[in-house]
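Just so you know, the sequences run in chain order A and B. For the first sequence, position 39 matches number 39 in this note's numbering, and the numbering has no gaps at all. One rule links them: number in this note's numbering = place in the second sequence (from 1) + 1000. By construction, the Cβ of each residue, glycine as well, lies at the ideal position given by its N, Cα and C atoms. See below for the structure under consideration.
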Amino acid sequence: MRLVRNLIGTPEGAIGLGILVLLALVALFAPVLSPGDPLRIAARPLLAPFTDPSFPLGTDRLGRDVLAGIIHGTRTSLAVGIAAALAAIAIGLCVGLTAGFAGGLVDEALMRVVDAFQIVPSFLLALAFVSVIGASVPVVVIAIALGAWADPARLTRAQVLSIRERDYVASARVIGTHPVEIALREILPNALPPVLALSAIIVAAAILTEAALSFLGLGDPNVVTWGSMIAEGRNVLRSSPSLSIFPGIALVVTVVAVYLFSEGLTKTIGRGRRIA
Amino acid sequence: MTLLEINNLSKHFRSGGRDVTALDDVSLTLDPGQTLGLAGASGSGKSTLARIVMRLLPPDGGSIRFAGEDWLALSGKDLRRRRAKIQMVFQDVLGAFNPRATVASVLDDPLRIHEIVPKSDRPRKIAELLDRVGLQANLADRSIRDVSGGQRQRIAIARAIATDPALIVLDEAVSALDVSIRGKVLELLVELQRERDIAYLFVSHDLAVLRAVSHRITVMDGGRLVETGPARQVIDNPQSTAARALVSAVPRLRIQTPQGHSYEP
């Protein structure tokens, strides 16, 4: 709770959190805000924006409501972004904690795997993964997480290596604490803050990767996403640029909000550290 | 009977291609209920010795017998269980506690791990431990960061005595404390020793502190023990250069003739 209050205290954190809460509400209440399937044909194709009050952002080439697409696209973007980031952080934490705490051969082996994943461009990895297994939301989430877990793993390991030499870890060993308990209760909670700050950046990157995959036609074809809307609008970019511009704006706003939120979070955690 | 017997202990560190000898053929003994003061300038290897005794570092060679057992042969669950009998108090009064800990959780850990008292009795036992080291029981709910340095070191002592140990290693345990609090903490340590027959391995660079609590003093220099003897003898009549340097670092030692346990800052 104190973290949230301090977060709102920083301008970046307040703006970022504000926009994200708004987006989350839009995603949550998408069926209420725009009932029905956003992919259904609702009106005359290529209706220009701001001309018909019932379709404020116009319609696309097939006559689908652009506003409905953006509202429902919020769901996909946020859900995929957050799920992929959670998966990446979870894998990264486990690998980093194991590598840093076990040391020796285990550490060497795990870090070489991390190296391998860091060397492969994460977007190419996701692209290959989705094109081999087939496009659906869970596959896209796994594909993005596969390319994103290496950074949190490396950061967690570095944190663990520094924390395991602290006196309070020695103190826990001296008292006879089981190594698993030391890892989970003494080291992990104190290694977490910088990794959490990184997680927001991973969310932003995941949202962008998802949009890029959809743009290339590798997203789940049954759900509407901002990336697929931009791809769809690209065919008529000269005559109706708004079809690409509106989902593009939604994407930019979301990613900027996540970055601002992460900036605020980093500052807040940094300040908390100094007081401590 | 000897409580702790260290024979021919050695330890090297390799850093940046250089081989540093931290301990070179160190042997010493400690009887139950006695205090051995381990003196030495910084870098003399005294903290390394303390950490090896605590099994926080592996030695390169030598043996340690504790209460008749081969202390270095223990591992895993056996070691964790036996750790109850050797406890440690650290120098850094803040760094020795998890920043997220509360006073109660610090004292709860040893009681829980070694099943000293049943779960329902633990709050009462924690209050008792706090009271024993001269602290109010209502401190229990506070964060460890919200108590003073002197209180924190008393809590560290309470944690160390929670498992009823036979030996406590005190690594510069009062060096970080205010001079006015230092004497009180030393008095508490001496009281606890008389009451519970605990042996102390008291590591310090300050002979004034060691004189107040030690029965015997041993002086380390460059990883070797250069001089060992009754506390009074080492301080009044130092033989080695290292011991003479430590004595001259504390000018008041020469003027005063200490009687029993006393510590004047």
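Residues of the segment 2 to 19 of chain A with a Cβ closer than 8 Å to any Cβ of chain B: none.
For a cut-off of 8 Å, the C-beta gap from Ser214/A to Thr225/A is around 4 Å, short enough to register as a contact. Ser34/A carries a coil assignment under DSSP once its states are collapsed to helix, strand and coil. Put simply, the backbone Cα of Arg1196/B is about 18 Å away from that of Val1117/B. Annotation for Phe215/A: the continuous alpha helix (DSSP H) segment containing it runs 188 to 215. Judged by DSSP in its simplified three-state form, Ser136/A adopts coil rather than helix or strand. Lys1077/B has its alpha-carbon roughly 46 Å from the corresponding atom of Ile133/A.
Contact with chain B is found for Gly176/A, since one of that chain's Cβ atoms lies less than 8 Å from the residue's Cβ. According to the DSSP assignment, Thr1241/B belongs to no beta strand (DSSP E) but to the alpha helix (DSSP H) extending over 1241 to 1248. Under the Cβ distance rule, Asp52/A does not count among the residues neighbouring chain B, no pair being separated by less than 8 Å. Under the rule that a run must span 4 or more residues, the alpha helix (DSSP H) segments found entirely inside the segment 1134 to 1175 of chain B read 1149 to 1161. In the three-state scheme derived from DSSP, where H, G and I count as helix and E and B as strand, Ala1041/B is classed as coil.
If the five residues before and after Val223/A are omitted, its C-beta is found closer than 6 Å to the C-beta atoms of Thr76, all from its own chain and listed in chain order. Between the alpha carbons of Leu216/A and Arg238/A lies a gap of roughly 20 Å.
Excluding its 5 nearest sequence neighbours in each direction, Leu1207/B has C-beta neighbours in its own chain below 7 Å: Ala1039, Ile1235, Leu1246, Val1247, Val1250, Leu1253, listed in chain order.
Annotation for Leu78/A: Leu23, Ala24, Ala27 place their beta carbon closer than 7 Å to its own, counting only its chain and skipping 5 residues before and after. Taking the beta carbon of Tyr259/A as reference, no residue of chain B falls within 7 Å; the closest one sits roughly 28 Å away. Contact of Glu186/A with chain B by beta-carbon distance below 7 Å involves Asn1098.
For Ile15/A, the secondary structure class from DSSP, reduced to helix, strand or coil, is helix. Contact between Ala1084/B and Ile1144/B does not hold, since the beta-carbon distance rounds to 22 Å and is not under 8 Å. For Phe1013/B, there are no C-beta contacts with chain A under 7 Å, since the nearest C-beta of that chain is about 14 Å from it. Beta-bridge analysis with DSSP links Ile1086/B to Leu1167/B.
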